[in-house]
Amino acid sequence: MSQGARILHLRGAAGMDAIYRKISWRLLPLLMLCYGVAYLDRVNVSYAKLQMGADLDFSNQVYAWGAGIFFIGYCLCEIPSNLLLEKIGARKTLLRIMLCWGLTAAAGAFVREPLEFYVMRFLLGVFEAGFFPGVILYLTYWYPAARRARVIALFASAALMAGVAAGPLCGATLQYMHQVAGLQGWQWMLLMQGLPAALLGIGAWFYLDDKPEDARWLSSFEQQMVEQDLERDEQALNAAEGDAAPHDEDAAPPSALAVLWSLLRQPSIALLAVANLLLMGASYALVFWSPTLMQRWGAGSHMQLGLLAMIPNLAGVVGMILIAYDSDRRRERRGHFIACMVLAAGGLGFAIAAENHLAWALGGLALASAGIAAGSPLLVSILTAMLNRRRAAAGIALVGSFGLLGGAFGPPLSERMLAWGDSAAMLAGLIVLYLAAGAFLLWALKLAPRHGGPSAGHGQTDKIARS
Numbered sequence: 006m007s008q009g010a011r012i013l014h015l016r017g018a019a020g021m022d023a024i025y026r027k028i029s030w031r032l033l034p035l036l037m038l039c040y041g042v043a044y045l046d047r048v049n050v051s052y053a054k055l056q057m058g059a060d061l062d063f064s065n066q067v068y069a070w071g072a073g074i075f076f077i078g079y080c081l082c083e084i085p086s087n088l089l090l091e092k093i094g095a096r097k098t099l100l101r102i103m104l105c106w107g108l109t110a111a112a113g114a115f116v117r118e119p120l121e122f123y124v125m126r127f128l129l130g131v132f133e134a135g136f137f138p139g140v141i142l143y144l145t146y147w148y149p150a151a152r153r154a155r156v157i158a159l160f161a162s163a164a165l166m167a168g169v170a171a172g173p174l175c176g177a178t179l180q181y182m183h184q185v186a187g188l189q190g191w192q193w194m195l196l197m198q199g200l201p202a203a204l205l206g207i208g209a210w211f212y213l214d215d216k217p218e219d220a221r222w223l224s225s226f227e228q229q230m231v232e233q234d235l236e237r238d239e240q241a242l243n244a245a246e247g248d249a250a251p252h253d254e255d256a257a258p259p260s261a262l263a264v265l266w267s268l269l270r271q272p273s274i275a276l277l278a279v280a281n282l283l284l285m286g287a288s289y290a291l292v293f294w295s296p297t298l299m300q301r302w303g304a305g306s307h308m309q310l311g312l313l314a315m316i317p318n319l320a321g322v323v324g325m326i327l328i329a330y331d332s333d334r335r336r337e338r339r340g341h342f343i344a345c346m347v348l349a350a351g352g353l354g355f356a357i358a359a360e361n362h363l364a365w366a367l368g369g370l371a372l373a374s375a376g377i378a379a380g381s382p383l384l385v386s387i388l389t390a391m392l393n394r395r396r397a398a399a400g401i402a403l404v405g406s407f408g409l410l411g412g413a414f415g416p417p418l419s420e421r422m423l424a425w426g427d428s429a430a431m432l433a434g435l436i437v438l439y440l441a442a443g444a445f446l447l448w449a450l451k452l453a454p455r456h457g458g459p460s461a462g463h464g465q466t467d468k469i470a471r472s
């Protein structure tokens with residue numbers, strides 16, 4: 006086959022699919038494993054609470070504030086971390102993040118006082134800051150906008166897969182490692198799930214490449230095809246922003262603060278930021294209190310509770326991937342997001358109505374998990390399609406930081422709702438309120454003035470916020 010014929014062949018959908026499939030098999034398994042470990046270290050405190058509370062005499066309020074303070078540390082450091090990744094690359098950033106958070110997560114096994122618990126959770130947030138938005142930024146270096154929803158969904162599904170594993174893994178550790186070598190089950194759990202992160206950070210340093218042009222496993226021709234797809238996105242964004250004219254190469258680039266301020270003044274970005282706050286508030290309220298709710302509804306031993314917790318997480322994995330693929334296929338995001346919020350709210354309502362019947366309540370939680378989980382990659386895909394390369398690092402981190410505020414205040418506020426009348430209905434009502442407000446903001450995105458995005462051409466995104 007001649008070079009020209011090869012170009013024509015690879016420019017077709019099948020040829021480009023083959024290139025991006027090769028990229029996905031190289032990048033996604035390790036990134037998903039890293040995110041799964043990150044998620045375990047973030048939320049395993051919800052299982053540790055089942056023993057830690059009695060062992061250390063921690064009240065629900067101590068647990069709730071410890072769960073939430075993680076996100077304050079994360080929020081404070083997320084934007085600087087993402088801006089640093091843009092300068093030094095993904096390999097160095099992941100090494101720094103994962104070494105520090107792995108050691109901190111393992112050290113949490115030795116807390117004894119509420120203040121030590123708060124400090125450990127805060128530092129865990131500081132050190133883990135930038136991981137998720139950093140990987141999202143990293144993926145924008147490899148995939149054009151039209152392909153990102155499914156890729157982001159696959160990456161984000163690692164958290165739910167970790168949630169599936171977390172149930173039996175945490176339950177078994179609590180039950181069978183209790184008092185082994187003089188340590189409690191919850192201490193073994195934090196140690197065994199924290200230290201692997203440090204090892205994965207070292208592995209990422211050796212395995213990953215910062216950008217396609219650095220990848221020796223791609224041919225120069227494949228690198229060129231990927232770069233052309235990405236450049237087409239960039240040109241479409243710049244043209245829509247009235248920025249297509251050449252810049253003065255000697256002019257100083259805008260400062261990070263100037264970029265952040267310009268993003269905050271863009272109504273569509275502000276709407277997405279607040280919508281992410283609400284979505285993450287709902288998500289972490291559900292994550293941190295689901296084991297407690299299932300225990301109330303009749304789950305027996307720690308092991309049984311862990312096995313039952315697999316069901317909502319499995320539903321989340323399936324819902325996230327299927328809905329993201331349908332969104333990419335239809336080239337539509339906003340309507341899919343709103344439908345996800347309706348599904349999640351309906352599932353929660355069903356779970357509360359059936360709380361005296363564990364099987365039916367779990368079915369409701371599964372629907373809620375599917376809707377909430379699927380909403381996140383859709384929102385991120387809308388965001389990344391609005392940002393050119395100059396603003397991507399700051400924009401992704403900014404919207405992510407707002408989401409973390411939802412994570413920071415969600416658990417303590419949820420604890421108050423759960424304690425109010427000792428009923429799960431108030432907690433479910435709070436989560437449904439989050440979801441309804443988030444759906445409204447995504448509906449309002451259609452009305453918000455925004456700088457345009459790429460058109461629906463080859464390698465481009467589509468109806469992202471307009472449809």
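Residue numbers (the numbering used here): 6 to 472.
From the three backbone atoms N, C-alpha and C, an ideal C-beta is built for every residue, glycine too.
Q. Below 8 Å between beta carbons: does that hold for I274 and M346?
A. no
Q. Buried or exposed: which applies to Y181, given that a residue is buried once 16 or more other Cβ atoms fall within 10 Å of its Cβ?
A. exposed
Q: Would you kindly check if the distance between the Cβ of Y40 and the Cβ of A163 is under 8 Å?
A: yes
Q) Would you call the stretch 109 to 118 and the stretch 281 to 300 touching, i.e. three or more CB-CB distances under 8 Å? A) no
Q: Kindly indicate the opening and closing residues of the alpha helix (DSSP H) around K451.
A: First-last for K451: undefined, no H or E at that position.
Q: List the endpoints of the continuous alpha helix (DSSP H) containing K488.
A: Nothing about residue 488 can be read from this structure; the chain reaches only from 6 to 472.
Q) Starting from A164 and walking both ways along the alpha helix (DSSP H), at which residues does that stretch end? A) 153 to 181
(Q) Whole angstroms are fine: how far does the CA of A375 sit from the CA of V323? (A) 7 Å
Q.
Closest to L403 by C-alpha separation, out of A364, L353, W266, M57, would be which residue?
A. W266
Q) What is the DSSP secondary structure of V116, counted as helix, strand or coil? A) coil
Q. If you drop the 5 nearest sequence neighbours on each side, which residues of the same chain put their C-beta closer than 7 Å to that of L36?
A. V140, F160
Q. For the stretch 311 to 393, which segments carrying the alpha helix (DSSP H) assignment without a break, of at least 4 residues, lie completely within its bounds, in sequence order?
A. 315 to 335, 339 to 358, 363 to 389
Q) Is there a Cβ from chain D that is less than 8 Å from the Cβ of D219? A) No chain D appears in this structure, which consists of one protein chain only.
Q: Find the nearest neighbour of G135 within the set M57, L348, F407, G340, judged by alpha-carbon distance.
A: F407
Q | Per-residue burial, I84 [other beta carbons within 10 Å of its own, 16 or more giving buried] | A | buried
Q: Return the CA-CA distance between W191 and Q56, expressed in angstroms with no decimal places.
A: 6 Å
Q: Could you tell me the distance, in whole angstroms, from the CA atom of V264 to the CA atom of Y143?
A: 19 Å
Q) Could you give the residue range of the alpha helix (DSSP H) that holds W70? A) 65 to 93
**Q.** Selected residue, minimal CA-CA separation from E227, among M21, R101, A171, V48
**A.** M21
Q) Mapping DSSP to helix, strand and coil, what is L188? A) strand
**Q.** Through-space distance from G172 to R152, alpha-carbon basis
**A.** 32 Å
Q) Taking just the CA atoms, how far does G73 sit from G199? A) 19 Å
**Q.** alpha helix (DSSP H) segment containing W294, residue limits
**A.** 272 to 301
Q | CB-CB length for F342 against L276, believed under 8 Å | A | Incorrect: roughly 12 Å between the Cβ atoms, too far for contact.
**Q.** Supposed close pair L90, A398 - CB separation, criterion 8 Å
**A.** 7 Å
Q) Where does E420 land, buried or exposed, given buried means 16+ other C-beta within 10 angstroms? A) buried
(Q) Classify I93: buried if its beta carbon has 16 or more other beta carbons within 10 angstroms, exposed otherwise. (A) exposed
Q: Express the C-alpha separation of E232 and A378 in angstroms, rounding to a whole number.
A: 31 Å
Q) To the nearest whole angstrom, what separates the beta carbons of L370 and P317, a pair I think is in contact under 8 Å? A) 4 Å
Q.
Within a Cβ cutoff of 6 Å, which residues of the same chain sit near G400, ignoring the five residues on either side of it in sequence?
A. L268, L392
Q. Where L61 and L310 are concerned, what is the direct C-alpha to C-alpha distance, given to the nearest angstrom?
A. 22 Å
Q. In terms of alpha-carbon separation, which member of Y439, L104, A314 lies closest to L165?
A. A314
Q: Could you check if L236 is buried or exposed, using at least 16 other CB atoms within 10 Å of its CB as the buried criterion?
A: Rather than Leu, the amino acid found at residue 236 in this sequence is Glu. Burial call: exposed.
**Q.** Proximity winner among I102, E218, A373, relative to Q229 (alpha-carbon distances)
**A.** E218
Q | Reduced DSSP category for L403 - H, G, I as helix; E, B as strand; rest coil | A | helix
Q. Roughly how far, in whole angstroms, is the beta-carbon of M285 from the beta-carbon of G434, given that I think they are within contact range, below 8 Å?
A. Contact doesn't hold; Cβ gap of about 18 Å is too wide.
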